[in-house]
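J.: Structure in structure tokens, see below.
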Amino acid sequence: MAGGQRRTGQRPRLRGRGRQGDLHLRTGHDPLLPGRRADPRQRAVLPVRGEGASGLRPGQSPRSRRQASKRVGWLRHADRPALHPTPTRRVRPRDPRQPAQLHRSAHAHAFNRPHPGGYRGRTPPPRPAAVHPVRRGHLRHHRRTDARCHAQGLHRGQFVPGRRQQGHLGGRTRDQGTTGVTANVLSRVAERVYWLGRYLERAESTARLITVNTNLIMDLPVRLPLGWRPLIDITGSAELFESLYGKGKATERNVCRFLATDTRNPGSIINSIVGVRENARTVRENMPRITFEYINELYLFARSALTPGQSRSRRGEALTQISRLAQQLEGFLSQNMLHDAHWELLRLGNYIERADMTTRIIDVRTVDLIAGHHELEPFQDIQWRSVLRSFYAMQAYHASVREPVDPPLVLEFLFNDERLPRSYLRCLNSVRRSLRGLPRNGAAVHTCDRALKALQDTDVARLGGLAHSVELHQFINDCQVHLIELHDAIVSTYFE
């Protein structure tokens, strides 16, 4: 019965269920009071004989219930209860002369696998499950583009130039792995950050050189040939200087103007600070917001404090303050900038420029000292001290070497002491560490390794003798060549 109310003839103690329909009864008269004899629970069912001969069929289930001798529980009616008329478009009831058909299970079992036709999971084994080591997977390099897929884009990069305008830095290849997490960096952004680091280091180094040379000139007699020409040679701009000021015009006024305030000199202090400001303006979203305040403070002070023809005292104060502001900006970025790919590129620019300036200062400052100029011999100690002061390394030398100022020891300290931040070895190792934090670093790391190998194979202390100035100059030229090749490898890998 489909109804829920109790009616006459319903089965008792079954929560008001309907009467059982299509129930097969055994033939014969059922006694009112059964006697003391064994009577089976059910007998063979004799269905009503239809027209025609009956065909062969399997036997009925031992129980006259809606089961099929399977462990599937009760079966629902495929149409409706048997006492109700069957409407149209329903599942036809089974033929009483045919075996029962299983339409759907009343209590379906839950499958523990996606494939319903598969085998059921077995019970867990008596021993623990096998433990496999977790290995770091290697992200393979990008293969050819799949024309059926969408192009890979940058998150929130709707206004970032695309492939045809600018390449991207960040595709991992089969080159040496990286030590940090790298993100997609535009080649344009990478180049700006790199040159920001170089210009910042160049401005600070040039200001320090002018200050140290001024102090050295004041300590030496006027008659000595050592003047302002070495500063032009250190910066490598002799041809440009002679074209602007003429030959033999390397006076204090002209050299200081050329290196500090002359906008026609790309390596002047004011142009270097402008380069820092412009490069930072284009990549300001990758730096802390307050960074531009430090840069503007440095820029505005340099524009107002550096003027042509100023006195030595005012120039010295201005250059000292510029060095402090540049170091303040570098320290702020070191402590507050996210140490990602942008940071590694910034450090690349810093250390390559620092290594270049280190080799130039040693090359120019030590030529006359090692050659043994007869007029400079009484003042060699003062000049070697000025070389150490050019790197802020005077106290560090005495604390590390614990010996008087000696040319071979000074050269060994400036080239091979890893603890000195401005030593040539420290700069190369820092460049290599920064390259390891960037992708596609194979060519640049190989070039840096060759520079380190050349330094390792050279006895720098032996080159400090009086008779080996030519060999020292050739060795420093080789260092300059390695730095140029390293710069070219970085440019070709990340900027082009």
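Residues 9 to 504 (this note's numbering) make up the sequence shown, in order.
C-beta: ideal position from N, C-alpha, C; glycine also.
Can you look up Ile298 in the DSSP assignment and give me helix, strand or coil?
T.: coil
J.: Have a look at Ser398 and Arg206 and give me their C-alpha separation to the nearest angstrom.
T.: In this structure, the straight-line span from the alpha carbon of Ser398 to that of Arg206 is close to 18 Å.
J.: Check the C-beta distance from Phe309 over to Gln329 and give it rounded, since I have them as a contact under 8 Å.
T.: 6 Å
J.: Please say whether Leu306 and Leu337 have beta carbons closer to each other than 8 Å?
T.: yes
J.: Using 10 angstroms around the beta-carbon of Leu254, count the other beta-carbons present and answer buried if the total reaches 16, otherwise exposed.
T.: It should be noted that the sequence gives Gly, not Leu, for residue 254. Counting C-beta atoms within 10 angstroms of its own C-beta, Gly254 has fewer than 16 neighbours from the protein chains shown and is therefore classed as exposed.
J.: Give the secondary structure of Leu314 by DSSP, where H, G and I count as helix, E and B as strand, and everything else as coil.
T.: coil
J.: Assuming Thr455 contacts Glu493 under a Cβ cut-off of 8 Å, what Cβ separation, rounded to an integer in Å, is found between them?
T.: 5 Å
J.: Assuming the contact rule is C-beta atoms closer than 8 Å, Arg285 and Ala258 should be a hit. Round their C-beta distance to whole Å, please.
T.: Not quite, the Cβ-Cβ distance comes to about 29 Å (not below 8 Å), so this is no contact.
J.: Note down the Cα distance separating Glu391 from Pro415, rounded to an integer number of angstroms.
T.: Here the sequence assigns Gln to residue 391, which means Glu is not the residue at that position. Computed Cα separation, rounded: 10 Å.
J.: Does DSSP put Leu327 in a helix, a strand or coil?
T.: helix
J.: What are the boundary residues of the alpha helix (DSSP H) that Lys461 is part of?
T.: Gly450 to Gln464
J.: Around the Cβ of Leu491, are there at least 16 other Cβ atoms within 10 angstroms (buried) or fewer (exposed)?
T.: buried
J.: Roughly how many angstroms separate the alpha carbons of His350 and Arg332, rounded to a whole number?
T.: 24 Å
J.: Enumerate in chain order the residues of its own chain whose CB-to-CB distance from Gly235 is below 7 Å, with the five nearest sequence positions on each side excluded.
T.: Ala258
J.: Near Leu327, which residues of its chain fall below 6 Å by C-beta distance, leaving aside the five closest residues on each side in sequence?
T.: Once the five neighbours on either side are set aside, the close Cβ partners of Leu327 are Ala215, Ile218 and Thr219.
J.: How would you call Ile298, buried or exposed, if buried means at least 16 neighbouring beta carbons within 10 angstroms?
T.: Using a 10 angstroms sphere on the CB of Ile298, the tally of other CB atoms stays under 16, which defines it as exposed.
J.: For Asn344, count neighbouring C-beta atoms within 10 Å of its own C-beta (all shown protein chains included) and say buried if the count is 16 or more, exposed if not.
T.: exposed
J.: Taking C-alpha atoms, which residue in Ser477, Gln403 and Asp371 lies nearest to Cys487?
T.: Asp371
J.: So, Ser408 versus Leu422, is the Cβ gap smaller than 8 Å?
T.: No, these two residues do not count as a Cβ contact at 8 Å.
J.: Tell me which residues share the same chain as Arg434 and place their Cβ nearer than 7 Å to its Cβ, disregarding the 5 neighbours each side in the sequence.
T.: Glu426 and Leu428
J.: Residue range of the alpha helix (DSSP H) that Asn485 falls in?
T.: Its alpha helix (DSSP H) spans residues Ser477 to Ile498.
J.: Which term fits Asp270, buried or exposed, when burial requires 16 or more other beta carbons within 10 angstroms of its beta carbon?
T.: buried
J.: At the level of alpha carbons, what is the spacing between Arg448 and Thr501?
T.: 7 Å
J.: Using the Cα positions of Phe167 and Ala313, report the straight-line distance between them to the nearest angstrom.
T.: At Phe167, the pLDDT of 46 sits below 50, so the modelled position is not reliable; the number obtained from the coordinates is stated separately. Their Cα atoms are separated by approximately 40 Å.
J.: If contacts are defined as beta-carbon pairs under 8 Å, then Trp203 and Gly275 qualify, I think. What distance do you get, rounded to the angstrom?
T.: In fact, because the Cβ distance is near 13 Å, the residues do not count as touching under 8 Å.
J.: Go ahead and label Arg322 buried or exposed: buried means 16 or more other beta carbons lie within 10 angstroms of its beta carbon, across all protein chains shown.
T.: exposed
J.: To test your reading of the DSSP string, which unbroken alpha helix (DSSP H) runs of 4 or more residues are found completely within the region 188-272?
T.: 195-227, 237-243, 246-253 and 260-268
J.: Mind checking whether Ser213 and Met402 have CB atoms under 8 Å apart?
T.: no
J.: Should Leu346 be labelled buried (16 or more other beta-carbon atoms within 10 Å of its own) or exposed?
T.: exposed
J.: Excluding sequence positions up to five away, which residues of its chain have a Cβ less than 7 Å from the Cβ of Arg362?
T.: Glu209, Arg430 and Cys435
J.: Work out the CA separation of Arg393 and Ile498 for me, nearest whole Å.
T.: 35 Å
J.: Helix, strand or coil for Asp467? Go by DSSP, reduced to three states.
T.: coil
J.: Does the Cβ of Asn287 have 16 or more other Cβ atoms within 10 Å, making it buried, or fewer, making it exposed?
T.: buried
J.: Just curious, the alpha helix (DSSP H) that Pro290 is in, first and last residue?
T.: For clarity, residue 290 is Thr in the given sequence; the question names Pro instead. Looking at the DSSP string, the run of the alpha helix (DSSP H) that includes Thr290 is Ile277 to Thr290.
J.: Tell me the start and end of each unbroken alpha helix (DSSP H) in the region 361-437 that is at least 4 residues and wholly inside, in chain order.
T.: 388-397, 402-409 and 415-424
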